[in-house]
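No gaps in the numbering here: position 143 of the sequence shown is 252 in this note's numbering, and each next residue is one more.
Single-structure report; data block below.
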Amino acid sequence: MASVTIDHVWKYYGKTEAVKDLNLKCADGEFLSVLGPSGCGKSSTLRMLAGLEHISAGDIRFGERRINDLPPKDRDIAMVFENYALYPHKTVRENIANSLMLRGASRATIEQKVKKATELLQIGHLLQRKPQELSGGQKQRVAIGRAIVREPQLFLFDEPIAHLDAKLRAHMRGELKIMQRELGTTMIYVTHDQLEALSMADRIAVMHEGVLQQFGTPQEIYDHPVNEWVAGFVGEPPMNFVDCLIEDRGGVLHAVHPSFAVPVTGSQEAILRDSAHRAEVRMGIRPDQIGIVTGDGGDAVAAQILLTEPLGGDMLVDAAVGQEKFLVKTKPDFQGRRGDACRLAFDTGRWHLFDRDTGLAYF
Ligand SMILES: Nc1ncnc2c1ncn2[C@@H]1O[C@H](COP(=O)(O)OP(=O)(O)OP(=O)(O)O)[C@@H](O)[C@H]1O
Ligand SMILES: [Mg+2]
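Encoded structure:
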């Protein structure tokens, strides 16, 4: 096992800067997820770790060892991609055992390792089948089995379950997490699916346009996004954003919008007071951080219901506040209907204000 250090790493393809000055440290045994939208540089990062892509600048180290110039076969890694590339004419057993056979492992060793991996992945009953006789999820487990038997010091997974159906993906998320914890092997797992990253990873590195935006635990990233981009990317349904002005009203700072004014208190106010450049902000609040009740009056923000979407366990409500629209997540027994007046209460313990120019979070 080993830690992985990515030290001021850049990747250029001609003039394209795919990865820009990336710094990350993945601890020994950690499950690290690299999360970001298409084209943000996830696969480029993984391929540099694997040795499949030249590192344009910077260093990568496994433990203390700099591996920039080490050929892939000497890096002691196992990769799993979205397209598994199983050998079509070989059985599941032969696919999984292939790397061990190439290494000249004994029959007994091969038998024992294949057994252990296939038990873990619950594919012991499929050993004699060929890939075309398997479902997508089964093929994917065979590809992972092939990676496991190599007992590498590092797993590199690139969107391995991206094209499975939603139910199977949810199932595989759990299985992969258990597998990684049981084996204790360091894992770097690339995905564009925030739910995968949030549910599986010890820490998440969020990337956007080749730049690392934030590196932290799933809870840190969800509760304290460093900027508006991360706040909008992580969380489903996404955070609501509304432009506000910060005004001092009778000695208390308020986030003021044409349709409402919300006092900013306590430590949040102290942060704003410390900033000279704070007049124009963007407020961010998640759909489940807004309370909604039907009817007029009271202190809460006056709104009108545009749409209700029952989702079984939850209800999503689109509510108009002046020209703005807020998405609210509430209980399924909410009684409001399209066109009804309602009131919104923002949970200001958990909301966010961002600098409108830089996008950086005040809190
Ligand atoms: N071989 C290449 N030659 C030129 N440009 C490339 C090459 N590979 C990737 N790129 C560019 O580098 C950027 C990052 O690509 P990369 O494959 O790392 O993204 P990604 O985050 O894995 O995206 P996706 O989620 O779509 O797989 C993109 O702008 C892409 O077009
Ligand atoms: Mg990719």
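Virtual Cβ for every residue (Gly too), placed ideally from N, Cα, C.
Evaluate residue i with the Cβ neighbour count: other Cβ atoms within 10 Å of its Cβ, from every protein chain shown; 16 or more gives buried, anything less gives exposed.
{"i": "residue 461", "result": "buried"}
{"i": "residue 361", "result": "exposed"}
{"i": "residue 267", "result": "buried"}
{"i": "residue 376", "result": "exposed"}
{"i": "residue 226", "result": "buried"}
{"i": "residue 300", "result": "buried"}
{"i": "residue 355", "result": "buried"}
{"i": "residue 419", "result": "exposed"}
{"i": "residue 117", "result": "exposed"}
{"i": "residue 123", "result": "exposed"}
{"i": "residue 166", "result": "exposed"}
{"i": "residue 216", "result": "exposed"}
{"i": "residue 172", "result": "exposed"}
{"i": "residue 363", "result": "buried"}
{"i": "residue 395", "result": "buried"}
Compute the minimum distance between the beta carbon of residue i and the heavy atoms of ligand 2, and state whether it is under 7 Å.
{"i": "residue 120", "result": "no"}
{"i": "residue 352", "result": "no"}
{"i": "residue 267", "result": "yes"}
{"i": "residue 142", "result": "no"}
I need the boundaries of the beta strand (DSSP E) containing residue i, first residue and last residue.
{"i": "residue 130", "result": "125-135"}
{"i": "residue 356", "result": "349-358"}
{"i": "residue 142", "result": "140-144"}
{"i": "residue 389", "result": "389-394"}
{"i": "residue 280", "result": "Not the beta strand (DSSP E): residue 280 falls in the alpha helix (DSSP H), residues 275-292."}
{"i": "residue 223", "result": "First-last for residue 223: 216-229, but that is the alpha helix (DSSP H), not the beta strand (DSSP E)."}
{"i": "residue 433", "result": "433-439"}
{"i": "residue 429", "result": "424-430"}
{"i": "residue 314", "result": "312-317"}
Helix, strand or coil: how does DSSP classify residue i here?
{"i": "residue 248", "result": "helix"}
{"i": "residue 322", "result": "strand"}
{"i": "residue 452", "result": "strand"}
{"i": "residue 336", "result": "strand"}
{"i": "residue 366", "result": "strand"}
{"i": "residue 331", "result": "helix"}
{"i": "residue 271", "result": "coil"}
{"i": "residue 120", "result": "strand"}
{"i": "residue 175", "result": "strand"}
{"i": "residue 399", "result": "strand"}
{"i": "residue 473", "result": "Outside the shown range of the chain (110 to 472) lies residue 473, about which nothing can therefore be said."}
Kindly indicate the opening and closing residues of the alpha helix (DSSP H) around residue i.
{"i": "residue 155", "result": "151-159"}
{"i": "residue 413", "result": "Segment 410-419 is the beta strand (DSSP E) holding residue 413; no alpha helix (DSSP H) there."}
{"i": "residue 187", "result": "That residue, residue 187, is in no alpha helix (DSSP H); its beta strand (DSSP E) goes 186-189."}
{"i": "residue 380", "result": "375-382"}
{"i": "residue 202", "result": "201-211"}
{"i": "residue 304", "result": "303-309"}
Taking 7 Å as the cut-off, is the CB of residue i close to at least one heavy atom of ligand 1?
{"i": "residue 127", "result": "yes"}
{"i": "residue 124", "result": "no"}
{"i": "residue 438", "result": "no"}
{"i": "residue 301", "result": "yes"}
{"i": "residue 153", "result": "yes"}
{"i": "residue 244", "result": "no"}
Would you verify that the beta carbon of residue i is, or is not, closer than 8 Å to some beta carbon of chain D?
{"i": "residue 370", "result": "Within the model displayed, chain D is absent; a lone protein chain is all it includes."}
Taking 8 Å as the threshold (C-beta atoms), are residue j and residue i in contact?
{"i": "residue 244", "j": "residue 282", "result": "no"}
{"i": "residue 115", "j": "residue 131", "result": "yes"}
{"i": "residue 434", "j": "residue 427", "result": "yes"}
{"i": "residue 149", "j": "residue 316", "result": "yes"}
{"i": "residue 337", "j": "residue 391", "result": "yes"}
{"i": "residue 236", "j": "residue 202", "result": "yes"}
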